[in-house]
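Residue 115 is where the sequence shown starts when you use this note's numbering, and the numbers rise one by one after that. In this text, a Cβ means the ideal position worked out from N, Cα and C, and glycines have one as well. None of the values given here were measured: they were computed from a predicted structure.
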Amino acid sequence: MKSVSRVFDPPSGHWVGDGFPVRSLFSYHEHTDAISPFLLLDFAGPYEFAPAQQPRGVGVHPHRGIETVTIVYHGEVSHQDSSGGGGTIGPGDVQWMTAGGGILHQEFHSPTFTARGGVLQMVQLWVNLPAASKMTPAGYQSILANQMPHIDLADDAGTLRLIGGQFGDHQGPAHTFSPLCVADAKLNAGKEVRLAVPAGWNTQVVVLEGHLLVGGQRVGPAQVINFERAGEDIALHPESDAMVLLLAGQPIQEPVVGYGPFVMNTREEIMQAIRDFESGKFGRMEA
Ligand code: MN
Numbered sequence: 115m116k117s118v119s120r121v122f123d124p125p126s127g128h129w130v131g132d133g134f135p136v137r138s139l140f141s142y143h144e145h146t147d148a149i150s151p152f153l154l155l156d157f158a159g160p161y162e163f164a165p166a167q168q169p170r171g172v173g174v175h176p177h178r179g180i181e182t183v184t185i186v187y188h189g190e191v192s193h194q195d196s197s198g199g200g201g202t203i204g205p206g207d208v209q210w211m212t213a214g215g216g217i218l219h220q221e222f223h224s225p226t227f228t229a230r231g232g233v234l235q236m237v238q239l240w241v242n243l244p245a246a247s248k249m250t251p252a253g254y255q256s257i258l259a260n261q262m263p264h265i266d267l268a269d270d271a272g273t274l275r276l277i278g279g280q281f282g283d284h285q286g287p288a289h290t291f292s293p294l295c296v297a298d299a300k301l302n303a304g305k306e307v308r309l310a311v312p313a314g315w316n317t318q319v320v321v322l323e324g325h326l327l328v329g330g331q332r333v334g335p336a337q338v339i340n341f342e343r344a345g346e347d348i349a350l351h352p353e354s355d356a357m358v359l360l361l362a363g364q365p366i367q368e369p370v371v372g373y374g375p376f377v378m379n380t381r382e383e384i385m386q387a388i389r390d391f392e393s394g395k396f397g398r399m400e401a
């Protein structure tokens, strides 16, 4: 069994544009090796928005060298990008965007959610790309709630929803570039939950709702448990019904150099990304 390496406590929040009040629950700026192949996770809300006329969000901006995975739990988000990808996703839906060699996108509350107002709760995860795939063509995968396999956990411990990568013999719908598992799970109070994760992989469990005992520590919403690589499963003991995100993957053992929306392997590649963006090589899109 994998033992707990550390628990990340949530930092204070900041706004991304005027639409996303987030806390960055982990980031490669502090924990590159322990969280690879993941780079950062922004947990937005839960936050109640009043009805409005103009959609709130963040306007056109670039990315290179990563994938961004947006999982909506409450509210509705509309996305558009320069690869032609786009659409509106609501509770339970996921968008998996591959920035690869370069993409422009914008992220706003949907027109319906803007007009109606209500609670927004969502996650945006950045997944690193291996050096060999950093310049892959940009792409967009919309994964609706009913397109994901739901896996019943042993002993009526709960249900896991596989978004991307592999969990045991199951394969998630999102195409990925390195071996990993992105899943969320509803866990039942009072059960012992064992989740299989290959030896050698990094593992994070993000608590979205509820409280759990993990390795003798009590954890709650917006805390992240980071596990050691050795061992072939993790054990969680939900004290209440709980909702968690499971992020596991084979570490990408390559240098990580990031600057804002670009994450590459060298400083030269970052300078090139800035030049390519400024000279219009990331494509075009109307604001
Ligand atoms: Mn973005």
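Residue i, DSSP secondary structure in three states
| i | result |
| --- | --- |
| Asn-316 | strand |
| Ser-256 | strand |
| Gln-235 | strand |
| Gln-280 | strand |
| Asn-123 | For the sequence presented, residue 123 should be read as Asp rather than Asn. In this structure, Asp-123 counts as coil in the three-state DSSP scheme. |
| Ala-288 | strand |
| Ala-349 | strand |
| Gln-473 | Summary: the structure shown does not reach residue 473, with the chain confined to residues 115 through 401, and so no result is reported for it. |
| Asp-132 | coil |
| Ser-247 | helix |
| Ala-268 | helix |
| Arg-137 | strand |
| His-219 | strand |
Endpoints, the alpha helix (DSSP H) within which residue i is located
| i | result |
| --- | --- |
| His-143 | 142 to 149 |
| Phe-391 | 381 to 392 |
| Arg-230 | 225 to 230 |
Candidates the options, of which the one nearest residue i by Cα
| i | options | result |
| --- | --- | --- |
| Gly-232 | Leu-361, Pro-293, Pro-169 | Pro-169 |
| Ala-310 | Gly-127, Ala-344, Asp-195, Asp-132 | Ala-344 |
| Gln-235 | Asn-242, Asp-207, Asn-260 | Asp-207 |
| Thr-195 | Gly-214, Lys-305, His-145 | First, the amino acid is wrong: residue 195 is Asp here, not Thr. The option with the nearest alpha carbon to Asp-195 is Gly-214. |
| Gln-255 | Glu-181, Glu-342, Ser-354 | Glu-181 |
| Ala-259 | Pro-287, Phe-341, His-128, Gly-334 | Pro-287 |
| Thr-212 | Thr-226, Ile-366, Thr-380, Ser-247 | Ser-247 |
| Gln-261 | Asp-269, Ala-271, Gly-278 | Gly-278 |
| Arg-120 | Thr-228, Glu-342, Val-172 | Glu-342 |
| Ala-387 | Met-399, Gly-374, Val-321 | Gly-374 |
| Asp-132 | Pro-125, Gly-173, Pro-160, Ser-141 | Gly-173 |
Terminal residues of the beta strand (DSSP E) in which residue i lies
| i | result |
| --- | --- |
| Ala-299 | 294 to 301 |
| Pro-335 | Counting along the chain, Pro-335 falls outside any beta strand (DSSP E), and DSSP gives it neither H nor E. |
| Lys-215 | Per the sequence presented here, residue 215 reads as Gly, with Lys not at that position. First-last for Gly-215: undefined, no H or E at that position. |
| Ala-356 | 356 to 363 |
| Gly-159 | 152 to 163 |
| Gly-204 | Note, Gly-204: premise wrong, no beta strand (DSSP E); not H, not E. |
| Thr-182 | 180 to 188 |
| Gln-194 | 191 to 195 |
| Thr-177 | It is worth fixing the name first, because residue 177 is His in this sequence and not Thr. Per DSSP, His-177 belongs to the beta strand (DSSP E) from 171 to 177. |
| Val-370 | Note, Val-370: premise wrong, no beta strand (DSSP E); not H, not E. |
| Ala-310 | 307 to 310 |
Beta-carbon proximity check, residue i vs residue j, cutoff 8 Å
| i | j | result |
| --- | --- | --- |
| Ala-252 | Ser-197 | yes |
| Gly-282 | Gln-364 | no |
| Ser-150 | Asn-340 | no |
| Ser-224 | Thr-202 | yes |
| Ala-356 | Glu-392 | no |
| Gly-329 | Ser-117 | yes |
| Ala-299 | Val-241 | no |
| Val-307 | Ala-349 | yes |
CB-CB length for residue i against residue j, believed under 8 Å
| i | j | result |
| --- | --- | --- |
| Val-183 | Val-296 | 6 Å |
| His-289 | Leu-276 | With 8 Å as the limit, His-289 and Leu-276 do not qualify as a contact, their Cβ atoms being about 13 Å apart. |
| Leu-239 | Leu-326 | So it is not a contact: roughly 20 Å between Cβ atoms. |
| Gly-179 | Gln-220 | Not a contact, Cβ separation roughly 19 Å. |
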